[in-house]
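Undergrad: To convert a position in the sequence shown, counted from 1, into our numbering, add 1438. In this text, a Cβ means the ideal position worked out from N, Cα and C, and glycines have one as well.
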Amino acid sequence: MPTYEFRCRSCGPFDAVYSMREVPDSAACTCGAAAPRGITAPRLGSGATSAIRLIDATRATAERPAVVSAPPRRAGGGAPSNPRHAALPRP
């Protein structure tokens, strides 16, 4: 359900959730005064999808990179393809 912003003259802005079919032009504030509905930008990027989490993590690493204590270990060279290498002494 969408969230709508209402603005009370004495209390200030507050949010309320209504279905799109039942949204009123004004809502009752906690002080009892009628608060008219305001015009706000849609909150399209406020979801918690994996794409938004990935974008946030990418921005965070640009500003605060992870600190490492040592360079990563080098990958092993793998087994040699020549079988005579197995007979050589190991260091």
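#1: For Ala1466 and Leu1492, what's the separation of their Cα atoms in angstroms?
#2: The beta strand (DSSP E) with Ser1488 in it runs from where to where?
#3: Can you grab the Cα-Cα spacing for the pair Ser1457 / Ser1488, in whole Å?
#4: Mark Ala1473 as exposed unless 16 or more other C-beta atoms lie within 10 angstroms of its C-beta, in which case mark it buried.
#5: Pull up the distance between the alpha-carbon of Arg1502 and that of Pro1509, whole angstroms please.
#6: On the DSSP letters alone, give me the boundaries of the beta strand (DSSP E) that Ala1454 sits inside.
#7: May I have the straight-line CA-CA distance separating Cys1469 from Arg1481, to the nearest angstrom?
#8: Comparing the C-beta of Glu1460 with each C-beta of chain D, is any distance below 8 angstroms?
TA: For this structure:
#1: Numbered from 1 along the sequence shown, position 28 holds the residue referred to as residue 1466. Numbered from 1 along the sequence shown, position 54 holds the residue referred to as residue 1492. Ala1466 and Leu1492: Cα-Cα distance of roughly 39 angstroms.
#2: Translated into the one-based positions of the sequence shown, residue 1488 becomes position 50. Counting along the chain, Ser1488 falls outside any beta strand (DSSP E), though it belongs to the alpha helix (DSSP H) covering 1488–1501.
#3: For the purposes of this step, residue 1457 is taken as the residue at position 19 of the sequence shown. For the purposes of this step, residue 1488 is taken as the residue at position 50 of the sequence shown. Cα-Cα distance, rounded: 26 angstroms.
#4: Residue 1473 sits at position 35 when you count from the first residue of the sequence shown. Ala1473 should be labelled buried.
#5: Locating residue 1502 in the sequence shown gives position 64, counting from the first residue. Locating residue 1509 in the sequence shown gives position 71, counting from the first residue. Taking the straight line joining both Cα atoms gives about 18 angstroms.
#6: The count along the sequence shown starts at 1 and reaches residue 1454 at position 16. Where Ala1454 is concerned, the enclosing beta strand (DSSP E) stretches over 1450–1455.
#7: Counted from its first residue, the sequence shown places residue 1469 at position 31. Counted from its first residue, the sequence shown places residue 1481 at position 43. Going by the C-alpha atoms only, they are around 27 angstroms apart.
#8: As a matter of chain content, chain D is missing from the structure shown, which is built from one protein chain.
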